[in-house]
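Going down the list, the sequences are from chains E, G, A and B. Every position in the first sequence, counted from 1, becomes a number in the numbering used here once 36 is added. Every position in the second sequence, counted from 1, becomes a number in the numbering used here once 36 is added. Every position in the third sequence, counted from 1, becomes a number in the numbering used here once 36 is added. Every position in the fourth sequence, counted from 1, becomes a number in the numbering used here once 36 is added. A short worksheet on the structure shown next.
4 protein chains.
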Amino acid sequence: MSTQTPTYPALTIDGVELTSRLIMGTGGITSLATLEEALIASGTSLTTVALRRYTPAEGESLFGMLNRNNIKILPNTAGCYTARDAILTSHMAREALGTDWIKLEVIADDQTLLPDGVELLSAAEQLVLDGFKVFAYTTDDPALALRLEDAGVSAVMPLGAPIGTGLGILNPHNIELIASRASVPVVLDAGIGTASEAALAMELGCDAVLLASAVTRAQDPAMMATAMSAAVTAGYWANRAGRIPKRKHALASSPMEGRAT
Amino acid sequence: MSTQTPTYPALTIDGVELTSRLIMGTGGITSLATLEEALIASGTSLTTVALRRYTPAEGESLFGMLNRNNIKILPNTAGCYTARDAILTSHMAREALGTDWIKLEVIADDQTLLPDGVELLSAAEQLVLDGFKVFAYTTDDPALALRLEDAGVSAVMPLGAPIGTGLGILNPHNIELIASRASVPVVLDAGIGTASEAALAMELGCDAVLLASAVTRAQDPAMMATAMSAAVTAGYWANRAGRIPKRKHALASSPMEGRAT
Amino acid sequence: MSTQTPTYPALTIDGVELTSRLIMGTGGITSLATLEEALIASGTSLTTVALRRYTPAEGESLFGMLNRNNIKILPNTAGCYTARDAILTSHMAREALGTDWIKLEVIADDQTLLPDGVELLSAAEQLVLDGFKVFAYTTDDPALALRLEDAGVSAVMPLGAPIGTGLGILNPHNIELIASRASVPVVLDAGIGTASEAALAMELGCDAVLLASAVTRAQDPAMMATAMSAAVTAGYWANRAGRIPKRKHALASSPMEGRAT
Amino acid sequence: MSTQTPTYPALTIDGVELTSRLIMGTGGITSLATLEEALIASGTSLTTVALRRYTPAEGESLFGMLNRNNIKILPNTAGCYTARDAILTSHMAREALGTDWIKLEVIADDQTLLPDGVELLSAAEQLVLDGFKVFAYTTDDPALALRLEDAGVSAVMPLGAPIGTGLGILNPHNIELIASRASVPVVLDAGIGTASEAALAMELGCDAVLLASAVTRAQDPAMMATAMSAAVTAGYWANRAGRIPKRKHALASSPMEGRAT
Numbered sequence: 037m038s039t040q041t042p043t044y045p046a047l048t049i050d051g052v053e054l055t056s057r058l059i060m061g062t063g064g065i066t067s068l069a070t071l072e073e074a075l076i077a078s079g080t081s082l083t084t085v086a087l088r089r090y091t092p093a094e095g096e097s098l099f100g101m102l103n104r105n106n107i108k109i110l111p112n113t114a115g116c117y118t119a120r121d122a123i124l125t126s127h128m129a130r131e132a133l134g135t136d137w138i139k140l141e142v143i144a145d146d147q148t149l150l151p152d153g154v155e156l157l158s159a160a161e162q163l164v165l166d167g168f169k170v171f172a173y174t175t176d177d178p179a180l181a182l183r184l185e186d187a188g189v190s191a192v193m194p195l196g197a198p199i200g201t202g203l204g205i206l207n208p209h210n211i212e213l214i215a216s217r218a219s220v221p222v223v224l225d226a227g228i229g230t231a232s233e234a235a236l237a238m239e240l241g242c243d244a245v246l247l248a249s250a251v252t253r254a255q256d257p258a259m260m261a262t263a264m265s266a267a268v269t270a271g272y273w274a275n276r277a278g279r280i281p282k283r284k285h286a287l288a289s290s291p292m293e294g295r296a297t
Numbered sequence: 037m038s039t040q041t042p043t044y045p046a047l048t049i050d051g052v053e054l055t056s057r058l059i060m061g062t063g064g065i066t067s068l069a070t071l072e073e074a075l076i077a078s079g080t081s082l083t084t085v086a087l088r089r090y091t092p093a094e095g096e097s098l099f100g101m102l103n104r105n106n107i108k109i110l111p112n113t114a115g116c117y118t119a120r121d122a123i124l125t126s127h128m129a130r131e132a133l134g135t136d137w138i139k140l141e142v143i144a145d146d147q148t149l150l151p152d153g154v155e156l157l158s159a160a161e162q163l164v165l166d167g168f169k170v171f172a173y174t175t176d177d178p179a180l181a182l183r184l185e186d187a188g189v190s191a192v193m194p195l196g197a198p199i200g201t202g203l204g205i206l207n208p209h210n211i212e213l214i215a216s217r218a219s220v221p222v223v224l225d226a227g228i229g230t231a232s233e234a235a236l237a238m239e240l241g242c243d244a245v246l247l248a249s250a251v252t253r254a255q256d257p258a259m260m261a262t263a264m265s266a267a268v269t270a271g272y273w274a275n276r277a278g279r280i281p282k283r284k285h286a287l288a289s290s291p292m293e294g295r296a297t
Numbered sequence: 037m038s039t040q041t042p043t044y045p046a047l048t049i050d051g052v053e054l055t056s057r058l059i060m061g062t063g064g065i066t067s068l069a070t071l072e073e074a075l076i077a078s079g080t081s082l083t084t085v086a087l088r089r090y091t092p093a094e095g096e097s098l099f100g101m102l103n104r105n106n107i108k109i110l111p112n113t114a115g116c117y118t119a120r121d122a123i124l125t126s127h128m129a130r131e132a133l134g135t136d137w138i139k140l141e142v143i144a145d146d147q148t149l150l151p152d153g154v155e156l157l158s159a160a161e162q163l164v165l166d167g168f169k170v171f172a173y174t175t176d177d178p179a180l181a182l183r184l185e186d187a188g189v190s191a192v193m194p195l196g197a198p199i200g201t202g203l204g205i206l207n208p209h210n211i212e213l214i215a216s217r218a219s220v221p222v223v224l225d226a227g228i229g230t231a232s233e234a235a236l237a238m239e240l241g242c243d244a245v246l247l248a249s250a251v252t253r254a255q256d257p258a259m260m261a262t263a264m265s266a267a268v269t270a271g272y273w274a275n276r277a278g279r280i281p282k283r284k285h286a287l288a289s290s291p292m293e294g295r296a297t
Numbered sequence: 037m038s039t040q041t042p043t044y045p046a047l048t049i050d051g052v053e054l055t056s057r058l059i060m061g062t063g064g065i066t067s068l069a070t071l072e073e074a075l076i077a078s079g080t081s082l083t084t085v086a087l088r089r090y091t092p093a094e095g096e097s098l099f100g101m102l103n104r105n106n107i108k109i110l111p112n113t114a115g116c117y118t119a120r121d122a123i124l125t126s127h128m129a130r131e132a133l134g135t136d137w138i139k140l141e142v143i144a145d146d147q148t149l150l151p152d153g154v155e156l157l158s159a160a161e162q163l164v165l166d167g168f169k170v171f172a173y174t175t176d177d178p179a180l181a182l183r184l185e186d187a188g189v190s191a192v193m194p195l196g197a198p199i200g201t202g203l204g205i206l207n208p209h210n211i212e213l214i215a216s217r218a219s220v221p222v223v224l225d226a227g228i229g230t231a232s233e234a235a236l237a238m239e240l241g242c243d244a245v246l247l248a249s250a251v252t253r254a255q256d257p258a259m260m261a262t263a264m265s266a267a268v269t270a271g272y273w274a275n276r277a278g279r280i281p282k283r284k285h286a287l288a289s290s291p292m293e294g295r296a297t
C-alpha cells in the first residue's frame with residue numbers, strides 16, 4: 037500500500053530528464069546492498085560517485101548496480117584542492133566513464149571541506165571550454181553563483197552547511213537569493229540532516245536536492261531515503277502552491293461571527 | 037502517475053484508526069468545492085469543524101460532503117472564551133453530531149487567539165467526566181500538556197505559533213519536550229505556514245499535524261494539501277530513521293584516501 | 037578608566053527605585069567572595085535568594101554581604117511544587133526577612149523545572165490578597181501573563197528558556213507580545229546564557245533581566261557580570277532608539293551617485 | 037552620571053591603537069551635526085568614508101569634523117565594481133587623504149551589493165603589493181577569508197547580512213569559523229540592525245564591529261550609537277568570560293536540597 041502523491045515534472049538538464057529531484061551521493065555507506073536498498077527507496081535518477089572510487093574491480097560492482105537500476109552516474113572530483121587537479125580528474129572521469137557530466141568540487145582545506153571559490157570558477161571556465169557539463173559545487177555566495185552561471189555551468193550547487201555536518205540550511209536568505217536569480221538549475225548540495233531541511237530547500241526555490249550522509253549514515257538508510265524523497269516532493273509543491281504570508285498577529289481560521297452561544 | 041511512498045501505520049485514537057496523520061481544518065476556504073478538492077488532496081481521515089458553522093441548511097452540505105468522502109468529523113469549540121462556554125458548546129456538538137469527540141478550544145482574547153490554559157484545563161476535566169474524548173488545543177507549555185494528560189484528554193494539541201500567522205514552530209524545544217513525555221497522541225495544531233514546518237513537527241515527535249489556513253488560504257489549496265500530505269509522511273519516516281547527529285565540523289561523505297591524483 | 041555610557045532611568049517597582057535593570061540570582065556560585073565580586077561587577081540593585089538558604093549562620097554572611105553593598109533582597113520560593121507550599125514559604129520569608137516582596141516560583145516537576153501555570157496563578161491570587169508584592173516567575177505564555185497581571189502581581193517574569201540551559205530566548209515572539217501588552221514591569225527570567233541574549237530581552241521590550249547561572253557558573257563570573265550589565269544597557273537604549281526596519285534587499289549606506297571613477 | 041564599565045584593551049592594527057572596537061560608517065546620515073553627535077556617542081576611533089564623498093568643499097567639513105574629534109579616517113572604495121576600479125580609487129584616496137589605509141569594497145552588482153570574491157582577492161593582492169593596509173570587506177565565506185589573509189590584508193571584514201538590510205548575522209557558524217582561524221583582526225561589517233547583534237558578533241570572536249545604517253538611519257542616531265557602543269563592550273567581555281554550555285535539560289540555579297518545607 038502506498039499514498040498516491042502526484043509526481044512533479046521531471047527536471048531536464050542538458051536534455052536529460054531526471055524524474056526524481058533527489059540526487060544521491062554514495063559516500064558513507066557500509067555495504068553495496070545497503071546502498072542499493074537506499075537508492076531504490078530514494079527513487080533517485082542520478083547519483084554522484086567519486087572518480088577515485090572507480091577501480092576495475094570495485095567499480096564494476098558499484099557502477100554495475102547503478103546501471104542495473106537505471107541510475108545515471110555523475111562523477112565528481114572529490115578530493116581535489118586545485119583547479120588543475122580538478123580539471124585533470126574531470127578528464128580522467130570522462131575517459132573512464134564515457135560521460136561529459138562532472139560534479140566539480142574544488143576544496144579549500146581539509147578542516148572545513150568548503151569549496152574554494154576562486155579555484156572553482158577557474159576550473160569551471162576551463163571545463164566548459166573543454167565541453168563538459170559542469171555541476172558546480174559551491175558556497176552559498178549569490179555573487180559567485182552568478183559568475184559560475186556566466187561561465188557556462190549546467191547547474192549551480194550551493195551548500196546548505198559544511199558537508200557531513202547535518203546542520204541544515206544555515207543561510208536560507210542566500211539560497212533563496214541564488215534560486216531567484218539563476219537561469220540554470222539550482223541544486224542544494226551538502227549540509228542536509230533531516231527531511232524538513234530538504235523540503236525547505238525546495239520551498240526556497242531550489243530545483244533539486246543532493247545529499248549523501250543524511251541517508252547513508254542514518255541508522256536506517258532506506259527509511260531516511262523514503263523520508264527525503266517525500267520531503268523533496270512536499271517542498272516542490274509547497275513552493276508552487278502560493279503559501280500564506282507570515283503574519284505577526286493571529287487570524288482565526290474559523291469566522292468569529294455566528295458562534296453558538 | 038505517482039510516486040510510491042510507503043504508507044505509515046495508522047494513528048489510533050480512542051479505537052479509531054486514522055490512516056492519515058494530517059488532520060484538516062475547514063476555516064478560511066472560499067467554496068465547498070474548493071474545500072472538497074483540498075481535503076481529497078490532503079488524504080485526511082479527520083476534519084475539524086466549528087460547531088457554530090453547523091446549521092441544518094449549510095451544515096448539510098458541508099457535513100454531507102465530509103460523509104461522502106469518509107472523513108470523520110471532529111467538532112470544535114472555536115469562539116469560546118470560558119470553560120463554561122466551551123462545555124456547553126461541547127454538549128451541543130455531541131447532541132447535534134452524535135459524536136463524543138471534541139476539539140476543545142478556550143481562547144484567552146480576540147487579539148492573540150491564544151488558548152487560556154486555566155480555563156482549558158478546567159473545561160477538559162469536566163468534559164472527561166462527562167464522557168467526552170477531548171482533543172485539547174493548548175499552548176506549547178510542557179507542564180500544561182502533562183496536566184491535560186493527567187486530566188484524561190485523548191490528545192494534546194500544542195500550537196506551533198498563533199493561529200493563522202504561518203510563523204511555523206516558534207519553539208521546537210518545547211514541542212519536542214511535550215512529545216517526548218506524552219503518553220497520549222500529540223498533534224501539532226496551529227501556526228504551520230508551509231510544508232517543511234509540518235515535516236519538522238513530525239520529526240520533533242508529534243503523532244500528527246492539524247492545519248487549516250496554510251491550505252485553505254494558499255493560492256492553490258489542493259496543491260498545498262498535496263505538499264502537506266507528503267511533508268507529514270516525510271517527517272514521520274525521518275523521525276524514525278535515526279538521523280545523523282549535528283556536527284560542528286565537516287565530515288567528508290567520500291573517503292579521502294585513494295584519490296585519483 | 038571606563039567608558040562613559042549614559043545611565044538609563046531607574047526602574048520603579050512598588051515605589052522602590054532600582055538603578056540597575058539587571059537583577060541577579062545567587063545560586064550556583066562557589067564562594068561568597070566570588071559572589072560579592074560578581075554582584076559588584078553587575079551593578080545590580082536587587083538580588084533574589086532562596087528562602088531555604090537562609091539560616092541564622094549561613095544567612096548572616098550572605099545577607100550581611102548584600103546589605104553591606106546596598107543590594108535589596110528579593111526572597112524566592114524555589115523548590116516549591118504547589119501553591120500551598122509556595123504561599124507558606126512566602127509567609128516564612130516575610131517573617132524572616134521583613135520584606136513583603138516575593139519572587140514566586142511554583143515548579144511543575146523536577147525534570148524541566150518549568151513553572152506550573154495553574155498553581156502559580158492560584159498562589160499569586162492568594163499572596164496579593166495577603167499583601168505581598170508578587171514577582172511571578174512564569175512561562176512565556178502571553179495569556180497567562182495577562183492573567184497574572186489581572187491578579188495583581190507587581191511584575192511578570194517570563195522565562196526565556198528552561199532554567200540553567202543557557203539556550204537564550206527560545207520564543208522572542210512571545211516575549212515581545214508579553215512586553216507589548218503588560219502594564220506592570222516585565223522581567224526576562226531564566227534561560228540567558230550570554231550577553232547578546234540579555235540585550236535582546238531588553239530590545240523585545242522587557243523592563244529588566246534576571247539571571248544567575250549565566251554569571252555564577254561562567255568561568256569568570258565577575259567578567260560575565262560586567263558583560264551582562266553592559267548588555268542590559270545596550271538593549272535598553274536600542275529598544276528606544278527606533279531601529280531600522282529589516283529589509284529583504286540591500287540598501288547602500290553610501291549614496292551611489294557621484295562615485296569617483 | 038554614567039555606569040562604570042571596565043574598558044577593554046585597544047585593538048591594534050598596523051601599529052595604530054583603536055581604543056574603541058566600534059568602527060562607524062558615515063552613510064545615510066541627514067546632517068553633519070547629527071553625524072557628529074552620533075560619532076561622539078559611539079566613542080569610535082575610526083570611521084570609514086567613501087572617497088567619492090571627498091570634495092574640497094564638502095570634504096572639508098566632514099573631514100574637518102572627524103579630525104576635530106580625533107577620529108581616524110578609513111577611506112573606502114564604495115561604488116567600485118571591478119578590481120581595476122577599486123585599485124584606482126584606492127590610489128586616489130591615498131593621494132587625497134594621505135593614508136595608506138583602505139577599506140576595500142568591490143561590489144558584484146547593484147541589486148545585492150554583495151562583495152565579488154574574485155575581484156576582491158585580485159584587488160587585495162595588488163594593493164598589498166602597492167603598500168596599502170587593506171581592510172577587505174568580504175562575504176562570510178571562511179575559505180575566502182583565509183585567502184585574503186594569505187594575500188596580506190590587514191583585516192578581514194565579513195558581512196553579517198547584505199548591507200542595509202538590518203537582518204543581523206545570517207550565518208553565525210561561518211563568522212565563528214572565520215574568527216577562530218584568522219590571524220589578522222576580524223571585523224563584522226554590514227547587516228547589523230540592533231545592539232544584540234553587535235554583541236553577538238563579538239561573542240562569536242570578532243575583534244570589532246563596523247556599522248553605519250543601523251545608527252545613521254535609526255530614529256535617534258546618537259541613542260543607537262550609545263547602544264552599539266555598550267553592545268560591543270558587552271560582547272567583548274562575554275566572549276572572554278567563558279560562558280556556560282548550552283544544555284538541553286534544566287538545571288536549578290539554587291540547590292534543591294534543604295528546601296524550607
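Glycine included, C-beta positions come from ideal geometry on N, C-alpha and C. Fair warning: this is a prediction, and the values are worked out from it, not measured in the lab.
According to DSSP, residue pairing for G/M193 in a beta bridge involves G/Y173. Counting only runs of at least 4 residues, the stretch 105 to 189 of chain A fully encloses the following alpha helix (DSSP H) elements, listed from N- to C-terminal order: 119 to 133, 153 to 165 and 178 to 187. By a beta-carbon distance limit of 8 Å, B/I65 does not contact B/L82. Their separation comes to about 17 Å. DSSP places E/L82 within a strand segment (E or B) once states are collapsed to three. Among the CB atoms of chain A, none fall inside 7 Å of the CB of G/P194. Where B/T252 is concerned, the enclosing alpha helix (DSSP H) starts and stops at S249 to T252. A distance below 7 Å between beta-carbons, with the five flanking residues on each side excluded, links E/T80 to the following residues of its chain, in chain order: S56, L58, I59, M60 and I107. If you compare the alpha carbons of E/M101, E/Y44 and E/P42 with that of E/S67, the shortest gap goes to E/M101. The beta carbon of B/D177 sits closer than 7 Å to some beta carbon of chain E. Residue ranges of uninterrupted beta strand (DSSP E) with 3 or more members, entirely inside the stretch 194 to 268 of chain B and ordered along the chain, are 223 to 225 and 244 to 247. Nearest C-alpha to E/I199 among G/L98, G/T48, G/K282 and G/N112: G/K282. In the DSSP assignment, B/G61 falls within the unbroken beta strand (DSSP E) covering L58 to G61. For G/I280, a Cβ of chain E is located within less than 7 Å of the residue's own Cβ. Residues of chain B with a Cβ closer than 7 Å to the Cβ of E/A86 do not exist, since the nearest Cβ in that chain sits about 20 Å away. CA-to-CA, the gap between B/V142 and E/L184 works out to about 18 Å. Of G/D177, G/T113 and G/S265, the smallest CA-CA separation from G/A159 is found for G/T113.
DSSP, read as helix, strand or coil, puts E/T41 in strand.
Residues of chain B whose Cβ lies closer than 7 Å to the Cβ of E/R183 are, in chain order, V154. Non-local C-beta neighbours of G/L236 in its own chain, meaning closer than 8 Å and more than five positions away in sequence, comprise G204, I205, P208 and G271, ordered along the chain.
For E/I49, the enclosing beta strand (DSSP E) starts and ends at L47 to I49. Less than 7 Å divides the Cβ of G/A144 from the Cβ of A/A179. Looking at the DSSP output, B/L54 shares a beta bridge with B/L47. Contact annotation for E/T148 against chain B: P178, A179 and L213 [CB-CB distance below 8 Å, chain order].
Short of 8 Å from the beta carbon of G/H127, and not among the five residues preceding or following it, lie these beta carbons of its own chain, in chain order: D166.
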